[in-house]
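*Asks:* Mapping to the numbering used here: the sequence shown position 353 is 367, numbers consecutive. One structure follows; several queries about it will come next.
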Amino acid sequence: MSELLIEGGTLVDGSGAPGRPGSVAIENGRMRILEPQETSDPTGARIDASGKVVAPGFIDLHSHSGLWVLAHPLHEPKVRQGVTTEVIGVDGLSYAPLPSAADLRALVEMNSGLDGAPDMALDWESLGEYLSRFEGRVAVNIGLLVGNSALRISRLGWDDVPADAAAVADMRAMLREAMQAGALGLSSGLDYPPGSYATTDELAELTAEAARAGGFYHTHVRYPLGDRYLDPFREAIEIGRRGPGPVHLTHFYHRQTHPGGPGPLLELVHDARAAGMDVTFDTYPYEWASTRLLIQLPGWIQAGGPAQLKERLADTASRQRLRAELLERGAAYTSPAGWSDVRLGYFARPHNMRWEGRTLAAVMADRQVDAVDAICDLLLEEDLRVNQVTAGPWSETLPRFIAHPVGMIGTDSTFVGDKPSPRTYGSFPRVLGEFVRERQLLGLEEAVRKMTSAPAARLGLPDRGLLRDGFAADVVVFDPATVRSNATYDEPRRFPDGIEHVIVNGVPVVKGGQHTGALPGQVIRNR
Ligand SMILES: [Zn+2]
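This is the structure in structure tokens:
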């Protein structure tokens, strides 16, 4: 007896083993694998998967949906890609634990250019309460990382201050409690204040605490550090060595503007693993990065939180200081095109709507101002909520990261603005269509493994990421001959082709390529 039977397809089970014929029967939200000669007596629906691949649902190791999915629970950009589980609380920026309601509101404002500021009540008082908001109310399963910014805000506030032994002990205690309440690990985003004020030692202490509870350290590294190439990743690995604890380098890739090639970056991972460390990474398969425009500004101007930041943005002396630093350095995290590579989005004020999808260079030319005035004015006018899309991974070297055996997929999906990075709508289908089928840079089974059992192992999920008897029935059915991304830099909000059925906890969320409206997502808790 089964509620749903997926029959006639090729099972690519997530382990990396060759695909084989078989069926998946779903009973009480769990799966049972049937050999080709076995039959089941379905009381419910059947899916004819002839000619299709049946695989575990995809697990996304980096998503900016910590607020967004609560306001937009169908989560169509992601489920239409075959994503059944995603990780939030990334980049050090989790919306719990934050015991102070004022701090929660301030973090939402500060981070609105990245995670959005959806119209919703920000009224949870604990991490457990925050997690419960997702349970059965969103389309995908949700796992939470504890951001070190949240820990720092709660214990030390928003200033650039050192954490003494007592503060570190208190942050460890908060993290321990969060892990007991179900968090899967610790995240950092060392471009984003106040988490970026943390030292190597402080992060190592927190990593040790996460590891003690079975978690790991998920890091957006300190990109401005040292040579801005290898040193940021050396620090991340050092944090794991000192902790000790497992390290996951998120959105790990090589930029065209790096002083060396991709080899030395990947060697850092190789060497750490050869020395016995547990180091893994994820990459998104697009050339376009995206984050809040605020990332262009240095840490000092952001100290104290959003209110103080806005005062400084309006202050002539602060702008002069910015000018000295910024105009010499130029745009951060862009191609050599600099400010013309900074595409803006997510405007709320009517008079700024015309800048949606246009570049900072265009704003500068139109307003006859330099980059400092353009950025400060836009951020003030929009209460900080401006998003940017810039060049990210270099297309020439991206395949080395996508195909690397230790690598996984993290979409780094951002949902704000008319034109987000195409990674938000296309990441998993692009790997399957372009990297696997068209360019044959890796095999299908290997690609599916990197999207399923590998991230499940990283997250410590005992019953997801494989097609196995008794596992949670997170399943995707796709056509290996047609699966492809349709999202591009200019037209990023286009759904992919070839992702036909997506089942979350046994419930169809995508059926024949269309969303069913179901919201069966569960919270994935550390145990
Ligand atoms: Zn991110």
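A virtual CB, placed ideally from N, CA and C, is assigned to each residue, including glycine. Computed from a predicted structure; not experimentally measured.
Have a look at Phe-485 and Asp-380 and give me their C-alpha separation to the nearest angstrom.
*Replies:* Taking the straight line from one Cα to the other gives about 57 Å.
*Asks:* Please check the pair Asp-426 and His-76, which I expect to be a contact at CB under 8 Å, by giving their CB distance rounded to whole angstroms.
*Replies:* Asp-426 to His-76, Cβ: 5 Å. Contact.
*Asks:* Is there a C-beta anywhere in chain B that falls below 8 Å from the one on Ala-177?
*Replies:* Among the chains in the structure shown there is no chain B, since it carries only a single protein chain.
*Asks:* Mind reading off the beta-carbon distance from Val-67 to Val-104? Whole number of angstroms is fine, and I expect it under 8 Å.
*Replies:* Going by Cβ atoms, the distance from Val-67 to Val-104 rounds to 28 Å, so no, they are not a contact pair.
*Asks:* By the 10 Å Cβ neighbour count, where 16 or more other Cβ atoms means buried, how is Asp-55 classified, buried or exposed?
*Replies:* Label assigned to Asp-55: exposed.
*Asks:* Determine the direct distance from the alpha carbon of Phe-492 to that of Val-420, and round the result to whole angstroms.
*Replies:* Distance between the alpha carbons of Val-420 and Phe-492: 24 Å.
*Asks:* Report the partner residues of Ala-303 according to the DSSP bridge assignment.
*Replies:* Partner(s): Thr-404.
*Asks:* Counting C-beta neighbours from all protein chains within 10 Å, is the total for Pro-299 16 or more, i.e. buried, or is it exposed?
*Replies:* Looking at its Cβ environment, which holds 16 or more other Cβ atoms inside 10 Å, Pro-299 is buried.
*Asks:* With a threshold of 16 other CB atoms inside 10 Å of the CB of Asp-137, please say whether the residue is buried or exposed.
*Replies:* Exposed, since its Cβ has fewer than 16 Cβ neighbours within 10 Å.
*Asks:* By Cβ distance, which residues of its chain are closer than 7 Å to Ala-328, with the 5 residues on each side in sequence left out?
*Replies:* These residues qualify, in order along the chain: Leu-394.
*Asks:* Apply the 10 Å Cβ neighbour rule to Pro-176 and answer buried if 16 or more other Cβ atoms are within range, or exposed otherwise.
*Replies:* Looking at its Cβ environment, which holds fewer than 16 other Cβ atoms inside 10 Å, Pro-176 is exposed.
*Asks:* Tell me the DSSP bridge mates of Met-134?
*Replies:* Answer is none; Met-134 lacks a bridge partner.
*Asks:* If we count the other Cβ atoms within 10 Å of its Cβ and call it buried at 16 or more, is Gly-520 buried or exposed?
*Replies:* It is buried - the Cβ of Gly-520 has at least 16 other Cβ atoms within 10 Å.
*Asks:* Restricting to runs no shorter than 3 residues, where is the beta strand (DSSP E) found entirely within the stretch 413-449?
*Replies:* Runs found: 421-423.
*Asks:* According to the neighbour-count rule (16 or more other Cβ atoms, all chains shown, within 10 Å of its Cβ), is Ser-304 buried or exposed?
*Replies:* With 16 or more Cβ atoms within 10 Å of its Cβ, Ser-304 is classed as buried.
*Asks:* At which residues does the beta strand (DSSP E) containing Glu-514 begin and terminate?
*Replies:* Segment 513-518, the beta strand (DSSP E) holding Glu-514.
*Asks:* Tell me whether the beta-carbon of Val-356 lies closer than 8 Å to the beta-carbon of Leu-374.
*Replies:* For Val-356 and Leu-374, yes; Cβs fall inside 8 Å.
*Asks:* Can you look up His-262 in the DSSP assignment and give me helix, strand or coil?
*Replies:* His-262 falls in the strand class under three-state DSSP.
*Asks:* Taking all protein chains shown into account, decide if Asn-42 is buried (16 or more other Cβ within 10 angstroms of its Cβ) or exposed.
*Replies:* Result: exposed.
*Asks:* For ligand 1, I want to know if His-78 counts as a neighbour, meaning its beta carbon is within less than 7 Å of at least one of the ligand's heavy atoms.
*Replies:* Yes, ligand 1 has a heavy atom inside 7 Å of this Cβ.
*Asks:* In the DSSP assignment, what residue or residues form a beta bridge with Ala-39?
*Replies:* In the DSSP output, where bridge partners are listed per residue, Ala-39 has Leu-19 and Arg-46.
*Asks:* Taking the Cβ atom as the reference point for each residue, do Leu-217 and Leu-473 lie within a distance shorter than 8 Å?
*Replies:* Cβ atoms of Leu-217 and Leu-473: not closer than 8 Å.
*Asks:* Can you give me the Cβ contacts of Asp-62 inside the same chain, cut-off strictly under 7 Å, excluding the 5 residues immediately before and after it?
*Replies:* Contacts found: Glu-21 and Gly-22.
*Asks:* Taking C-alpha atoms, which residue in Arg-119, Ser-441, Gly-150 and Val-516 lies nearest to Gln-536?
*Replies:* The residue with the shortest Cα to Cα distance from Gln-536 is Gly-150.
*Asks:* Between which residues of its own chain and Ala-59 is the CB-CB distance below 7 Å, once the five residues before and five after are set aside?
*Replies:* Cβ neighbours of Ala-59 beyond the five flanking positions: Leu-18.
*Asks:* Comparing alpha-carbon positions, which option in Met-367, Thr-502 and Arg-236 lies nearest Arg-399?
*Replies:* Here the closest residue by C-alpha is Met-367.
*Asks:* Give a yes or no on contact between the stretch 523-541 and the stretch 445-456, applying the rule of three or more CB pairs nearer than 8 Å.
*Replies:* Touching, no, given that fewer than three Cβ pairs across the two stretches are closer than 8 Å.
*Asks:* Could you tell me the alpha carbon to alpha carbon distance between Arg-44 and Ser-37, rounded to whole angstroms?
*Replies:* About 14 Å.
*Asks:* Return the chain-ordered ranges of every alpha helix (DSSP H) run that is complete within the stretch 344-385 and spans a minimum of 4 residues.
*Replies:* If we require 4 residues or more, the alpha helix (DSSP H) runs fully inside the stretch 344-385 come out as 374-381.
*Asks:* Kindly indicate the opening and closing residues of the beta strand (DSSP E) around Val-489.
*Replies:* Its beta strand (DSSP E) spans residues 489-492.
*Asks:* According to DSSP, is Ala-486 helix, strand or coil?
*Replies:* In the structure shown, Ala-486 sits in a strand (DSSP, three-state: E or B).
*Asks:* Any heavy atom of ligand 1 within a distance shorter than 7 Å of the CB on Val-122?
*Replies:* Incorrect: Val-122 has no Cβ contact closer than 7 Å to ligand 1.
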